[in-house]
Amino acid sequence: MSLSKQFRKLFISSFINNARVFSTSGCQLSNTLLHRTVNRHRQIKSGSNDYQLQEEDQTEMEGEKVVEMNAEMEVKKKQQTDVESFKEKYPEFLPRTDHTSRRDYVLEMLHRRDMFRRRQNLNIPEFYVGSIVAVNVTDPYSPSKENRFVGICIQRRFSGLDHNFTLRNVIYGQGIEIKYDLYNPNILSIECLRMEKRLDPELLYLRDCPQEYSTVPLDMEKIPAPKGKDVPINDIKVPLNNPPWLQRWERRKDLKGITGNVRRLTARQRKRAELSEKPWLENDIMLEYRRSLRDDEVIHIKNVVEKFLAKEQWRKESQGQS
Numbered sequence: 001m002s003l004s005k006q007f008r009k010l011f012i013s014s015f016i017n018n019a020r021v022f023s024t025s026g027c028q029l030s031n032t033l034l035h036r037t038v039n040r041h042r043q044i045k046s047g048s049n050d051y052q053l054q055e056e057d058q059t060e061m062e063g064e065k066v067v068e069m070n071a072e073m074e075v076k077k078k079q080q081t082d083v084e085s086f087k088e089k090y091p092e093f094l095p096r097t098d099h100t101s102r103r104d105y106v107l108e109m110l111h112r113r114d115m116f117r118r119r120q121n122l123n124i125p126e127f128y129v130g131s132i133v134a135v136n137v138t139d140p141y142s143p144s145k146e147n148r149f150v151g152i153c154i155q156r157r158f159s160g161l162d163h164n165f166t167l168r169n170v171i172y173g174q175g176i177e178i179k180y181d182l183y184n185p186n187i188l189s190i191e192c193l194r195m196e197k198r199l200d201p202e203l204l205y206l207r208d209c210p211q212e213y214s215t216v217p218l219d220m221e222k223i224p225a226p227k228g229k230d231v232p233i234n235d236i237k238v239p240l241n242n243p244p245w246l247q248r249w250e251r252r253k254d255l256k257g258i259t260g261n262v263r264r265l266t267a268r269q270r271k272r273a274e275l276s277e278k279p280w281l282e283n284d285i286m287l288e289y290r291r292s293l294r295d296d297e298v299i300h301i302k303n304v305v306e307k308f309l310a311k312e313q314w315r316k317e318s319q320g321q322s
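So the sequence shown is numbered by the UniProt record's numbering: it starts at 1 and just counts up by one.
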């Protein structure tokens, strides 16, 4: 017998032996039962009470797990509502999300420190877009060296020391808008005369609406906000004037506080409107992730701000008692 035939015979015999071992081990594993499975079947056949007790314990454990999961869901829901309310209440403390690649965490910390120092000398009340706010600033050309303006807040932009808000009012038939930097040292006082929210995050469409919706009396008295209740939401829907408008409001499908933004368009205008639409942005998860902040980061900023506010309140109370 040649050497090649001997190698072939050895290879075939070893392959057959391995196949037998694999088949027998597979049969043994497939026919093997765990001890707890055998004991459970024995308890079921004997009708013992131990198995019933085990079932009751298992149901109790499942019920406890459900209760714990519900409690965790409630905690997460409350935490989410706190985060959203903080974003609306103190938007100036949140970092900018339009330039995520340019964020400087040290600069943000220094900005917050300067903002806290400014708040020690200026009482900045809580107000939202849609609230009526009065601002007193220094004016070297005024006889009293002060100037006061009352208007409805139509916009709040940017974050940190660059945060600003815009007030709008109609005086002698002319729409007046003044933009203030929230942490401007020339501001003497800020007072929220009526606290309320609107349906939209910005009210720039009031420029193309009738003037009565932007008119606020300059001698308006302060209306105290309800304590222990949520901020009231003014769900009024303002009608737009006849076109032309300052912006193409017919393309803004996200606005809820206006009516009459649907107008008759020509074929060319309809075509341009279709080209300007970007429906894919609604499902762009990556863009939403880049423009949003993590909850843990917002909670950290919230804890820092609340700690400062509590310390400032304690300082004012101690000064009042002394």
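Don't be surprised by glycine CBs; every beta carbon is placed ideally from N, CA and C.
Predicted, not measured: the structure shown is a model, and the values here were computed from it.
Cutoff 6 Å; reference residue i; Cβ partners in own chain excluding five residues on either side
i	result
Glu108	Pro95
Asp181	Asn164
Ser25	Any reading at Ser25 must be qualified, since the residue scores a pLDDT of 45, below 50, and its modelled position is unreliable; no value is offered.
Gln174	none
Glu88	none
Ile233	Lys197
Val83	Asp295 and Val298
Ser189	Asn136
Glu312	none
Continuous alpha helix (DSSP H) stretch holding residue i: start and end
i	result
residue 334	Nothing about residue 334 can be read from this structure; the chain reaches only from 1 to 322.
Leu275	Ala267 to Ser276
Gly175	Gly175 -> not in any alpha helix (DSSP H); beta strand (DSSP E) instead, spanning Gln174 to Asp181.
Ile285	Ile285 to Arg291
Gly320	Asp295 to Gln321
Tyr105	Tyr105 to Asn121
Anticipated Cβ contact below 8 Å, residue i with residue j, distance rounded
i	j	result
Lys197	Gly257	In fact, because the Cβ distance is near 11 Å, the residues do not count as touching under 8 Å.
Asn261	Glu250	5 Å
Asp235	Leu203	About 13 Å separates the two Cβ atoms, so there is no contact after all.
Val133	Glu191	7 Å
Val305	Phe93	6 Å
Met69	Phe127	Rounded, the Cβ-Cβ distance is 39 Å, inconsistent with contact.
Thr259	Lys229	The Cβ separation is near 28 Å, so there is no contact.
residue 335	Ile187	In the structure as shown, the chain starts at 1 and stops at 322, and residue 335 therefore has no counterpart that could be examined.
Lys145	Thr166	Going by Cβ atoms, the distance from Lys145 to Thr166 rounds to 24 Å, so no, they are not a contact pair.
Beta-bridge partners of residue i, as assigned by DSSP
i	result
Ala134	Val150 and Glu191
Val238	Ile258
Arg157	Asn164
Ile233	Lys197
Residue interval of the beta strand (DSSP E) (run including residue i)
i	result
Asn164	Asn164 to Ile171
Option in the options with minimal Cα separation from residue i
i	options	result
Leu240	Arg263, Gln319 and Ala225	Arg263
Asn147	Arg157, Cys153, Asn136 and Ile154	Asn136
Pro185	Lys271, Arg119 and Lys311	Arg119
Gly151	Arg117, Gln211 and Tyr141	Gln211
Ser292	Leu309, Ala273, Gly228 and Pro91	Pro91
Thr215	Lys253, Pro201 and Ile176	Ile176
Ile301	Phe86, Gly63 and Lys78	Phe86
Pro226	Leu206, Leu193 and Tyr289	Leu193
Phe116	Ala310, Gln319, Ile154 and Met286	Ala310
Arg156	Asn121, Pro201, Arg270 and Val67	Pro201
Pro224	Asp139, Tyr289 and Pro125	Pro125
Asp104	Ser159, Phe308 and Lys271	Ser159
Lys253	Lys271, Glu282 and Ala267	Glu282
Pro243	Tyr205, Thr59, Cys153 and Lys271	Tyr205
Ile171	Phe149, Gln80 and Glu317	Phe149
Sequence-distant residues of the same chain with beta carbon closer than 7 Å to residue i, five excluded per side
i	result
Trp245	Asp208
Ser30	Only weak support exists for where Ser30 lies, its pLDDT of 43 falling under 50; the coordinates are left without a value.
Asp308	According to the sequence shown, residue 308 is Phe rather than Asp. Closer than 7 Å at the Cβ level, and outside the excluded window around Phe308, lie Phe116.
Cβ shell of residue i (< 8 Å), same chain only, five flanking positions each side left out
i	result
Asp114	Leu161 and Tyr183
Asp98	Arg291
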